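First comes the structure, then the notes that go with it.
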Amino acid sequence: MNRNQKIKNTVPYIAMTAPAVLLFLIFFVIPLFFTIRYSFYNWTNYSPDITFSGLSNYVKIPEDKMLKTSIKNSLLFATATVVIQSVITMPIAVVLNSKLRGRNIFRAIFFMPVVMSTLVVGYLWKYLLSSSDYGFVNQIITGLGFEKINFFGNGNVAMWTIILVEVWQWFGWAMVIYLGNLQNISGDLFEAASVDGANAWDRFWHIIVPGLAPAIKINVVTGMINGLKVFDIIVATTNGGPAHRTETILTSMYSKFSDGNFGYASAYGTVFLVVAMIVACILLGGFKKWEERLGQ
Amino acid sequence: MGGAVRTMRDNKKKKFTLAATYIFLTVIAVAMLIPIYYLLVTTFKTPEHAAVAPMALPSSLDFSGYIKAFEEMEYPRAFRNTFLITLISVTGIVLFSSMAGYVLNRKSDKKAGQLVFLLLLSGMMFPYQMSILGLYKLIRGLNLMNSLWSVILVDITINLPFAVFLMRSYMATVPMELDEAAKIDGAGVFRTFTTIIFPLMKPTIATVAILNTLNVWNDFMGPLYFLQSRKKDVILQEIYRNIGQFSTDWTGIFPMMVLGIMPLMIFYLFMQKYIISGVMAGSVKG
Amino acid sequence: MMKKKLAWLCIGCMAVSVLAGCGGNADAGNDTPAQQEASEEAGEEAVEGEADSPAEGSGEAAGNGETISMMCWYDEDDMEGVVNAVNEQLNGEYVLEYTYVALSDYNNVLSTQLAAGEGPDIVADETDFLARIKAGNLMDISDMDIISEFSEDGFALCSEGGKYYGIPSYGWFAGIWYNQDILDECNVTLPKTLEEFIEACRTIQAAGYEPVGFGLADGDTAHANLFGYLENVFYHNNDKNADGIGFDEKFARGEVSFEGNINEHVEKWYRLIEEGFITSEMLGISNEEALNNFIAGRTAFFNGGPWQYTSFADAGIHFGMMPQLSDTGENVYVIGGAAASYGINANTKNEAGAKAVLSALGSVEAQQAMLESNPGGMSYRNGVIANMPEEYESVRDAIDNGNISYAANRWSVDMPAASLVDESISQIQGLISGDLTVDEYIAALDAKADSIRYE
Numbered sequence: 000m001n002r003n004q005k006i007k008n009t010v011p012y013i014a015m016t017a018p019a020v021l022l023f024l025i026f027f028v029i030p031l032f033f034t035i036r037y038s039f040y041n042w043t044n045y046s047p048d049i050t051f052s053g054l055s056n057y058v059k060i061p062e063d064k065m066l067k068t069s070i071k072n073s074l075l076f077a078t079a080t081v082v083i084q085s086v087i088t089m090p091i092a093v094v095l096n097s098k099l100r101g102r103n104i105f106r107a108i109f110f111m112p113v114v115m116s117t118l119v120v121g122y123l124w125k126y127l128l129s130s131s132d133y134g135f136v137n138q139i140i141t142g143l144g145f146e147k148i149n150f151f152g153n154g155n156v157a158m159w160t161i162i163l164v165e166v167w168q169w170f171g172w173a174m175v176i177y178l179g180n181l182q183n184i185s186g187d188l189f190e191a192a193s194v195d196g197a198n199a200w201d202r203f204w205h206i207i208v209p210g211l212a213p214a215i216k217i218n219v220v221t222g223m224i225n226g227l228k229v230f231d232i233i234v235a236t237t238n239g240g241p242a243h244r245t246e247t248i249l250t251s252m253y254s255k256f257s258d259g260n261f262g263y264a265s266a267y268g269t270v271f272l273v274v275a276m277i278v279a280c281i282l283l284g285g286f287k288k289w290e291e292r293l294g295q
Numbered sequence: 000m001g002g003a004v005r006t007m008r009d010n011k012k013k014k015f016t017l018a019a020t021y022i023f024l025t026v027i028a029v030a031m032l033i034p035i036y037y038l039l040v041t042t043f044k045t046p047e048h049a050a051v052a053p054m055a056l057p058s059s060l061d062f063s064g065y066i067k068a069f070e071e072m073e074y075p076r077a078f079r080n081t082f083l084i085t086l087i088s089v090t091g092i093v094l095f096s097s098m099a100g101y102v103l104n105r106k107s108d109k110k111a112g113q114l115v116f117l118l119l120l121s122g123m124m125f126p127y128q129m130s131i132l133g134l135y136k137l138i139r140g141l142n143l144m145n146s147l148w149s150v151i152l153v154d155i156t157i158n159l160p161f162a163v164f165l166m167r168s169y170m171a172t173v174p175m176e177l178d179e180a181a182k183i184d185g186a187g188v189f190r191t192f193t194t195i196i197f198p199l200m201k202p203t204i205a206t207v208a209i210l211n212t213l214n215v216w217n218d219f220m221g222p223l224y225f226l227q228s229r230k231k232d233v234i235l236q237e238i239y240r241n242i243g244q245f246s247t248d249w250t251g252i253f254p255m256m257v258l259g260i261m262p263l264m265i266f267y268l269f270m271q272k273y274i275i276s277g278v279m280a281g282s283v284k285g
Numbered sequence: 000m001m002k003k004k005l006a007w008l009c010i011g012c013m014a015v016s017v018l019a020g021c022g023g024n025a026d027a028g029n030d031t032p033a034q035q036e037a038s039e040e041a042g043e044e045a046v047e048g049e050a051d052s053p054a055e056g057s058g059e060a061a062g063n064g065e066t067i068s069m070m071c072w073y074d075e076d077d078m079e080g081v082v083n084a085v086n087e088q089l090n091g092e093y094v095l096e097y098t099y100v101a102l103s104d105y106n107n108v109l110s111t112q113l114a115a116g117e118g119p120d121i122v123a124d125e126t127d128f129l130a131r132i133k134a135g136n137l138m139d140i141s142d143m144d145i146i147s148e149f150s151e152d153g154f155a156l157c158s159e160g161g162k163y164y165g166i167p168s169y170g171w172f173a174g175i176w177y178n179q180d181i182l183d184e185c186n187v188t189l190p191k192t193l194e195e196f197i198e199a200c201r202t203i204q205a206a207g208y209e210p211v212g213f214g215l216a217d218g219d220t221a222h223a224n225l226f227g228y229l230e231n232v233f234y235h236n237n238d239k240n241a242d243g244i245g246f247d248e249k250f251a252r253g254e255v256s257f258e259g260n261i262n263e264h265v266e267k268w269y270r271l272i273e274e275g276f277i278t279s280e281m282l283g284i285s286n287e288e289a290l291n292n293f294i295a296g297r298t299a300f301f302n303g304g305p306w307q308y309t310s311f312a313d314a315g316i317h318f319g320m321m322p323q324l325s326d327t328g329e330n331v332y333v334i335g336g337a338a339a340s341y342g343i344n345a346n347t348k349n350e351a352g353a354k355a356v357l358s359a360l361g362s363v364e365a366q367q368a369m370l371e372s373n374p375g376g377m378s379y380r381n382g383v384i385a386n387m388p389e390e391y392e393s394v395r396d397a398i399d400n401g402n403i404s405y406a407a408n409r410w411s412v413d414m415p416a417a418s419l420v421d422e423s424i425s426q427i428q429g430l431i432s433g434d435l436t437v438d439e440y441i442a443a444l445d446a447k448a449d450s451i452r453y454e
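Chains as they are written, first to last, in numbering that gives the first Met the number 0: chain A, 0 to 295; chain B, 0 to 285; chain C, 0 to 454.
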């Protein structure tokens with residue numbers, strides 16, 4: 000094969016990746032470089048001068064209390080939603096994978112909140128979980144003789160409330176992914192296992208969970224992506240309160256912008272870029288190892 | 000005899016398990032449906048009525064709230080904008096990600112293929128809002144402010160990485176032999192893709208299309224930043240505008256929330272079988 | 000002939016500016032942000048030239064219904080009269096298009112837009128207006144005739160170094176609304192001091208009503224209540240604070256801190272929390288819900304201002320406003336000052352149109368319309384009649400004596416005051432939930448101030 004032909008052979012491949020790569024470079028990488036560059040400049044919303052300031056923006060970051068809270072909350076949100084979702088949905092998916100009468104109706108109902116917009120879901124739950132007399136859930140709780148729960152107003156509870164709302168909205172999605180995966184696990188495996196006398200727990204742990212590895216991967220990746228980017232649901236419910244207890248990466252970044260120190264906000268964002276990269280590496284590396292182990 | 004007893008006991012146990020399963024599923028289904036029910040019935044209630052009897056059926060079906068919301072949201076225009084943005088973005092995402100996913104799978108042994116894939120993956124975790132200033136300048140430089148294209152291009156870009164990830168994984172299940180057979184028949188790469196591979200990717204295309212319809216339709220920050228003119232705004236912005244401004248009649252915003260979720264909800268109710276089986280079939284490689 | 004040449008010139012300028020803009024963005028690697036800014040600025044002026052020159056060249060009125068954009072956090076319902084009044088005067092020459100952005104997002108959205116050289120033609124802002132002036136985001140409008148129609152007080156937030164950059168929309172103030180029927184039923188006379196207020200709340204609570212309504216999930220009312228009290232006991236009527244309101248200027252510059260100065264007063268105010276009138280339950284209630292409770296006649300007191308008047312009057316409750324809490328009940332204040340000011344975006348593509356709109360916004364009709372949606376609000380515009388309904392009887396003295404002042408307005412000389420207010424709103428949530436002590440709350444305010452002060 001001569002060289003010309005080789006080039007000719009690669010051109011269609013390049014052409015087919017080009018739209019994705021170009022868009023990504025233009026609308027993602029270039030702005031990102033802007034951000035990184037701004038992070039070395041003193042740029043505020045009260046001065047027309049933009050001056051190079053070296054690392055001075057970064058020096059201020061370790062003192063920022065919000066940074067720790069928001070990274071912690073984002074990671075908590077991401078992990079907790081993934082774990083809770085999986086714990087609830089895996090058994091449900093197994094049940095709904097069997098020949099149960101009405102399983103399609105249940106599937107349809109469980110998936111329903113997925114199609115609602117996060118903003119609307121947030122507003123809706125804000126009303127439902129309000130600690131005022133209008134709050135429906137608290138009406139039930141007090142009606143049963145318990146004390147009101149301050150779902151969004153108690154700093155110790157608020158983040159978990161948001162996590163539960165997120166689980167409410169998205170667990171149907173996770174369920175369907177598991178269902179799809181379950182259909183690929185061959186029935187023979189199940190039967191072989193029951194002939195071996197494996198009980199339900201063994202079966203779940205040794206056959207279903209490894210078999211669900213691809214779905215777990217998808218769900219963890221989606222969950223982490225959504226978790227690190229969580230914004231709408233926070234804005235629609237607590238807006239970071241009470242007392243910054245539910246700030247996440249994006250909401251704190253948002254308020255840094257509101258403070259009008261763009262250079263500092265950019266440095267803040269760059270730190271998160273590093274965090275996101277680390278999380279991505281850990282995740283992908285972890286999955287690779289797991290898959291290798293399963294493959295053996 | 001012993002066998003008969005055991006069967007009976009087994010049957011009893013089975014029935015019990017079945018009943019428990021149904022109760023469990025029903026409890027969760029109710030938890031799913033109550034908020035949606037609450038959303039719907041509250042649209043027909045006064046604030047007082049909703050506070051006193053949140054679960055009661057409305058005393059009358061007065062649609063004036065909906066008519067008012069429909070008018071205040073300038074619904075047809077907002078719907079049209081949302082629809083256009085979603086349609087074009089999802090089409091773009093599906094086209095670009097399927098092509099890229101195909102190539103990146105077939106070339107995953109090559110350095111360049113791995114590098115490009117890693118590059119795209121790196122974008123998956125990082126929220127684009129962090130580089131909003133740079134993006135803003137870019138959009139402005141391209142003269143796309145207040146143009147639906149700004150949101151379309153951004154939405155395509157931010158949703159591409161995960162779509163490529165899904166497409167690439169799925170491609171692993173499409174045998175290489177197909178490519179080779181097509182090559183022997185004299186088909187070029189592009190023809191092989193459009194006539195043989197693309198149709199085979201249907202399941203994952205369905206997944207990507209559904210997921211991204213949700214993502215794009217429900218994107219709120221993009222429009223808030225780039226579409227400031229009300230003529231260009233989307234349904235969510237209309238809800239947001241009105242929610243921020245309501246003070247006295249809080250049930251008045253409920254029709255707006257319903258109108259906001261209605262298009263996708265109706266689509267879902269009619270298509271739920273296909274949507275669910277679509278996501279099921281295409282999300283994980285077999 | 001002349002006109003045609005001009006037109007070609009304009010097209011040329013526009014093409015260059017577009018190219019310059021794109022080049023500046025695509026060519027990110029080489030130039031510094033400052034340089035790039037400059038190149039874009041140049042482009043901008045070229046585009047502006049296009050809007051101006053036809054009018055200058057021909058002497059005719061330009062416009063032909065071009066849209067002039069404006070953004071603010073005031074409800075569209077409230078702005079409707081103003082927008083109509085403006086558009087009526089513009090007579091189709093230009094059309095004012097109003098966009099509402101919620102206050103919680105306003106600062107972010109406007110800052111981002113202005114930083115990128117974008118933004119609405121008419122910029123509206125309150126305490127941070129000064130920052131926008133310093134950043135060069137606003138046009139110097141000192142030469143506009145409309146300036147002379149306003150009293151000097153109105154320019155407190157929109158002038159700098161003897162130059163004018165905006166005009167006020169109206170004057171706001173905030174006191175404490177009360178429900179007269181509940182007071183009567185509980186046999187409570189209108190409290191004047193914090194002590195009397197606490198007594199009154201106790202009686203009212205015993206009678207089964209909610210004494211004070213706070214929706215602190217998103218509301219700023221606790222912050223307003225505290226800083227209203229501080230206005231009466233710390234900034235004024237206070238021998239220990241020799242600087243008076245001058246304290247804030249020093250504070251804004253970083254010469255003094257709240258720590259050690261306001262602690263004893265906040266400690267006193269904290270009794271409202273200790274006594275259980277401000278509860279942690281209120282952190283899970285939205286401002287809107289709290290307001291609804293007041294409208295429904297379940298709440299005796301509610302912090303607020305003229306923008307709520309109409310909804311109370313419509314609900315038919317028997318209400319009135321009293322000044323902010325104090326220790327003595329003498330020489331009392333309401334908080335307030337100039338509300339949003341309107342200015343012209345330095346990057347507007349249509350200066351002539353923006354100026355026409357600004358003049359119309361300053362007209363008697365538009366300013367009067369603003370007051371109609373804020374009954375009791377004040378105007379800085381000559382010829383606007385501000386009538387004060389009887390519900391304001393208890394604050395009339397304070398207002399007539401000019402006892403209207405608000406700390407955040409004074410902070411704006413050297414910091415983005417809105418950010419510190421936001422921080423106070425957040426940290427008060429911690430104070431109420433018990434996560435923070437009074438000292439920690441004050442320390443958090445100082446820390447925030449340290450991090451946002453202008454250099």
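We treat Cβ as the ideally placed atom computed from N, Cα and C, and that holds for glycine.
The model shown is predicted, which means the values in this text are computed figures rather than measured ones.
Spatial neighbours of leucine 128/A in its own chain (CB-CB distance under 7 Å, excluding positions within 5 residues in sequence) are listed in chain order as Gly134, Val136, Phe150, Phe151 and Thr160. DSSP places tryptophan 72/C in the coil class of the three-state scheme, outside both helix and strand.
In the three-state DSSP reduction, threonine 156/B falls in the helix class (H, G or I). DSSP places proline 210/C in the strand class (E or B) of the three-state scheme. Residues of chain A whose Cβ lies closer than 7 Å to the Cβ of tyrosine 127/B are, in chain order, Phe27.
Ranked by Cα distance from alanine 345/C, the options Phe311/C, Tyr379/C, Ile121/C and Asn63/C are led by Ile121/C. Valine 122/C has Met70/C and Gly342/C as its beta-bridge partners, per DSSP. What serine 228/B touches in chain C, judged by beta-carbon distance under 9 Å, is Thr66, Ser68, Glu96 and Thr98, going in chain order. DSSP lists Phe318/C as the bridge partner or partners of asparagine 178/C. Exposure of threonine 194/B is indicated by the presence of fewer than 16 other C-beta atoms within 10 angstroms of its C-beta. Nearest to asparagine 142/B by alpha-carbon distance, out of Gly116/C, Ala299/C and Leu360/C, is Gly116/C. If you ignore the 5 residues before and after valine 82/C, its C-beta comes within less than 7 Å of the C-beta of Leu95 and Tyr97, all in its own chain and listed in chain order.
Residues are counted here when their Cβ sits less than 7 Å from a Cβ of chain A; for the stretch 211-222 of chain C these are Ala216 and Asp217, given in chain order. Per DSSP, the continuous alpha helix (DSSP H) segment holding threonine 206/B begins and ends at 201-216.
By the CB criterion at 8 Å, phenylalanine 128/C and glycine 165/C fall inside the cutoff. If you check the CB distance, alanine 314/C and tyrosine 208/C do not come in under 8 Å. For secondary structure counted as the beta strand (DSSP E) over 3 or more consecutive residues, the stretch 52-101 of chain A holds no complete run. Scanning its chain for C-beta atoms nearer than 6 Å, with the 5 sequence neighbours on each side dropped, one finds around alanine 99/B the residues Val163, in chain order. Between threonine 436/C and leucine 430/C, the alpha-carbon positions lie close to 6 Å from each other. Shown here for glutamate 364/C: same chain residues with a beta carbon closer than 6 Å to its own, the five before and five after excluded, namely Ala84 in chain order.
Taking a Cβ-Cβ cut-off of 8 Å, threonine 298/C has no neighbours in chain B, whose nearest Cβ is about 14 Å from it.
Those residues of the stretch 196-209 of chain A placed with their C-beta closer than 8 Å to a C-beta in chain B do not exist. The Cβ-Cβ distance between methionine 320/C and glycine 218/C does not fall below 8 Å. Rounded to whole angstroms, the Cβ separation of asparagine 178/C and phenylalanine 318/C is 6 Å, and the two are in contact under 8 Å.
Distance check between alanine 173/A and each of Val81/A, Ala107/A, Ala199/A and Trp204/A places Val81/A closest, using alpha-carbon atoms only. In the structure shown, glutamate 65/C adopts extended strand secondary structure according to DSSP, grouped into three states.
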